[in-house]
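Each residue of the sequence shown is one higher than the last, beginning at 8 in my numbering.
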Amino acid sequence: MKGISYLTDDKNRKVAVQIDLKKYGKLWEDFYDSMIAEIRKDEEKIPLEKVISDLKEKGKLDEAI
Numbered sequence: 008m009k010g011i012s013y014l015t016d017d018k019n020r021k022v023a024v025q026i027d028l029k030k031y032g033k034l035w036e037d038f039y040d041s042m043i044a045e046i047r048k049d050e051e052k053i054p055l056e057k058v059i060s061d062l063k064e065k066g067k068l069d070e071a072i
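Rendered as structure tokens:
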């Protein structure tokens, strides 16, 4: 597959993959995002209002928002 190559060990087993990000960057980003979402699916959910108020308290978000 053009833009994809595999690194192999001394027994010719695939141990890593190299991806041409200029060619497949968007696809890789989508794949990575889905992996992160799967990992975080059981994390505690924080209401948006709490996130906003916490950021305002820390001075990291404009009070006008």
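We treat Cβ as the ideally placed atom computed from N, Cα and C, and that holds for glycine. Bear in mind the structure is a predicted one, so any value in this text is a computation, not a measurement.
Output needed for residue i: all residues of its chain with C-beta closer than 8 angstroms, excluding positions within five of it in sequence on either side, in chain order.
i: ALA23; result: TYR13, LEU14
i: ILE26; result: GLY10, ILE11, TRP35
Looking at residue i: is its Cβ nearer than 8 angstroms to the Cβ of residue j?
i: LYS63; j: GLU56; result: no
Since residue i and residue j should fall inside the 8 angstroms C-beta cutoff, what is the C-beta to C-beta distance between them, to a whole number of angstroms?
i: GLY10; j: LYS30; result: 4 angstroms
So, for residue i: in the same chain, excluding its five sequence neighbours on each side, which residues have a beta-carbon less than 6 angstroms away from its beta-carbon?
i: ASP16; result: VAL22
i: GLU50; result: none
Where in the segment 33-65 do unbroken runs of the alpha helix (DSSP H), each at least 4 residues long, occur, reported from the N-terminal end onward? 55-64
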